[in-house]
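The next block holds one structure in the form of structure tokens; read it before the comments.
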Amino acid sequence: MTFKTQMGSLNSYQKGSIELNDDLKHYAFSNIFEICNKSKPYERVMVVSNLEYAAEAIRAEGSSPWYTAPHDEFAIVMDGEIEFTFFELTDAEKPSHTHGATRLKADPKGKRMGRVIARRGHEVILPQGSAYQLKAAKPSVLLVQTSMGPESVEKWSEICVLE
Amino acid sequence: MNMAITQNAKIIASEPDPILGYRKFKFGSFTFERDMYFVHVGWPKGKHTIEVDRFLRAMVRDIGWGFFYGWIFFDDVFGTQNHYGTVDIFAGTYSRGHRDTGVDLLETFNTDDVRVAFETISKNWINEGYDPLRAPMETGSPLGPKTKEASGPLIRGFEPARRMMGLPGDVSPRSDASGHPINRAFADMDFDKPTIEAEPGFEGKIHAFNLYDHIARADVTWNPSFTSITRACICCVTSEEHMLPVIHGNDRNEWFIQLTDEIHWNIQDKNTGNPRGRIIMKSGDVCAMPADIRHQGFSPKRSMLMVLENGTPGLDEKYANGELEPFPITASRW
């Protein structure tokens, strides 16, 4: 017997269903590929919110701004190929906020740490103390384990199944 | 509700049954015995029967998960609740028929005592050739008399990463070298490696690995492994096939992200067990499991699931006393 593994993508995905005798807002059911088909490049759309913690679905396309966060973040590539470039933060660039990703005001001035090229199924650390930039030659999809921060976008009513 | 607290409980084993070979056990007010097909759980006012495969699949996961977050229902009658230092074993407490007739029992024990008790029972009742952590099509039968006790570890697949899997000094992803070949159900997938180019002095500071490859090599089902942790946010991934052999009652919100294939979830009210409906999650779907439900999953083909947990201590009490609403997105955010 052979198996066929089903994996969604920007170009091809099937959304599941939710049939409950309950308020569907409590479940916030959405689909990452559907969201990223409608997102602007590098819009960090929250799809998970658990008190201060979050996961963001990101459409990677072209070059992103430079981001940093006051804690580790982790990125899982869900579709396509993404290049991550890392620089060490200087003391002056270290974030003063407490949660989530924010943009650097200018290109990073610290030492270049290196880069990672990741494809579907790869998980990448976005380490505390670094700045990172993403690049994708073709539209790609990323899920980031993080906290809710200045760059997080909430649009639950647009992305969730409500009836 | 009938409740008791038992400190320093020790499990007491009988002599082996002369015909079937299994031992019977007493732990606190509960008794446990098995025959060829069933496990019989007894307590002073009641007795309950569970099919042996279901009981053992639930028990070894309950041990391996450290009693997890909240309630683990082996079925609608029997299970455990984690209080993070103590564990309740209950029978009928969340079953209206038992409770209304006063035959329920909830007994609280120290966590380590329950772990030792459950390990003792499992070891005696699991025969070689049967592995309750594997999918049913990948293991033998638990039915029949005692043969030879299984010698492998009861619990595996749950060694947690401390920061991120594969970082220097942290837990390694599964591989051929660790004895974990790609599972038959994911043999059609391609597993390449990310390209990592660290500048001198930053080796080990930047890192990536193939998460899907790690999941595809799991030799266990419905048994999550921590892969990355930021503060108290824990990312767990699992390979799921057949059915979740417990019904999980949430003591906090958790989130599911379906990575491949699909899982069908039955949703029930946490306190009554009444059905609320069902959710079918497909690749790319995201769904919260609120703090006031029970859920049980069914995966027709082996699939990959990511679960994001909030491990902040004390959250269970904040949800239980109403300080936090039992769902993640409060009204003002819609």
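Chains as they are written, first to last, in our numbering: chain X, 10 to 172; chain Z, 762 to 1095.
Using N, Cα and C, we set each Cβ at its ideal position, and we do this for glycine too.
Query                                                                                                                                                : Result
Can you tell me the Cα-Cα spacing of Y845 (chain Z) and V54 (chain X), whole angstroms?                                                              : 34 Å
Which term fits Y798 (chain Z), buried or exposed, when burial requires 16 or more other beta carbons within 10 angstroms of its beta carbon?        : exposed
Looking at E1001 (chain Z) and L1066 (chain Z), is the spacing between their C-beta atoms short of 8 Å?                                              : yes
Indicate whether H801 (chain Z) and E812 (chain Z) have their beta-carbon atoms separated by less than 8 Å.                                          : no
Starting from C994 (chain Z), follow the beta strand (DSSP E) in both directions and report where the run begins and ends.                           : 994-1004
Cβ of S156 (chain X) within 8 Å of Cβ of Y62 (chain X)?                                                                                              : yes
Just to confirm the assignment, what range does the beta strand (DSSP E) spanning S21 (chain X) have?                                                : Unbroken run through S21 (chain X): none, as it is neither H nor E.
Report yes if the CB atom of N721 (chain Z) is closer than 8 Å to the CB atom of N59 (chain X), and no otherwise.                                    : This structure leaves residue 721 (chain Z) out entirely; chain Z is present only between 762 and 1095.
Do you know whose CA, among Z:N1027, Z:S1064, Z:G1038, Z:W1016, lies nearest A1052 (chain Z)'s CA?                                                   : Z:W1016
What does I67 (chain X) reach in chain Z if we use C-beta pairs closer than 8 Å?                                                                     : In chain order: nothing, as chain Z lies at least about 13 Å away.
Secondary structure at I168 (chain X), three-state DSSP: helix, strand or coil?                                                                      : helix
Taking C-alpha atoms, which residue in X:S161, X:D32, X:E43, X:S21 lies nearest to A78 (chain X)?                                                    : X:S161
Which partner residues does F1097 (chain Z) have in the DSSP bridge list?                                                                            : Summary: the structure shown does not reach residue 1097 (chain Z), with chain Z confined to residues 762 through 1095, and so no result is reported for it.
For D81 (chain X), return the contacting residues in chain Z, with the cut-off set at a CB-CB distance below 9 Å.                                    : R924, M925, S989, I990, T991, R992
Residue range of the beta strand (DSSP E) that F1088 (chain Z) falls in?                                                                             : Run containing F1088 (chain Z): none; DSSP gives neither H nor E here.
Contact check, F851 (chain Z) vs G789 (chain Z) under 8 Å by CB: the rounded distance?                                                               : Not a contact, Cβ separation roughly 12 Å.
What residues match up with I1018 (chain Z) in a beta bridge as DSSP calls it?                                                                       : Z:V1047, Z:M1067
Can you give the beta carbon distance from V178 (chain X) to F93 (chain X), rounded, assuming they're within the 8 Å contact cut?                    : Look at the range of chain X in this structure, 10 to 172, and you will see that residue 178 (chain X) is not part of it.
Could you tell me the boundaries of the alpha helix (DSSP H) in which A883 (chain Z) lies?                                                           : The sequence shown places Ser at residue 883 (chain Z), rather than the Ala named in the question. Residues 872-886.
What span of residues does the beta strand (DSSP E) with K144 (chain X) cover, start to end?                                                         : 139-156
Using only CA atoms, which one of Z:F839, Z:K785, Z:Y783 lies nearest to K808 (chain Z)?                                                             : Z:F839
Opposite Q842 (chain Z) in the DSSP bridges: which residues?                                                                                         : Z:W832, Z:D849
Please state if the CB of V1047 (chain Z) and the CB of V170 (chain X) are separated by a distance shorter than 8 Å.                                 : no
Closer than 8 Å between beta carbons: that is the criterion. Which residues of the segment 872-883 of chain Z meet it against chain X?               : none
Are the CB atoms of G17 (chain X) and F42 (chain X) nearer to each other than 8 Å?                                                                   : yes
Beta carbons nearer than 8 Å to chain X: which residues of the segment 1014-1030 of chain Z have them?                                               : N1014, E1015, W1016, I1018, Q1019, L1020, T1021, D1022, E1023, I1028
Verify whether the separation of the beta carbon atoms of R978 (chain Z) and N1011 (chain Z) is less than 8 Å.                                       : no
Chain X partners of F816 (chain Z), CB-CB under 7 Å?                                                                                                 : What F816 (chain Z) touches in chain X: nothing, since even the nearest Cβ is about 29 Å away.
For S1044 (chain Z), return the contacting residues in chain X, with the cut-off set at a CB-CB distance below 7 Å.                                  : Q15, M16, G17, Y22
Could you give the C-beta distance for K787 (chain Z) and M122 (chain X), rounded to a whole number, given that I count them as a contact under 8 Å? : Going by Cβ atoms, the distance from K787 (chain Z) to M122 (chain X) rounds to 59 Å, so no, they are not a contact pair.
Does DSSP put E52 (chain X) in a helix, a strand or coil?                                                                                            : coil
In whole angstroms, what is the alpha-carbon distance linking P893 (chain Z) and F952 (chain Z)?                                                     : 28 Å
For chain Z, check one thing: does any of its Cβ atoms lie closer than 8 Å to the Cβ of H106 (chain X)?                                              : no
List the residues of chain X whose Cβ lies closer than 8 Å to the Cβ of R978 (chain Z), in chain order.                                              : Those do not exist, as R978 (chain Z) stays about 12 Å from chain X at its closest Cβ, beyond 8 Å.
With DSSP as the reference, please indicate the residues paired to T810 (chain Z) in a beta bridge.                                                  : Z:H801
If we define contact as Cβ-Cβ less than 8 Å, is P1 (chain X) a contact residue for chain Z?                                                          : Nothing about residue 1 (chain X) can be reported from this structure: the residues present for chain X run from 10 to 172 only.
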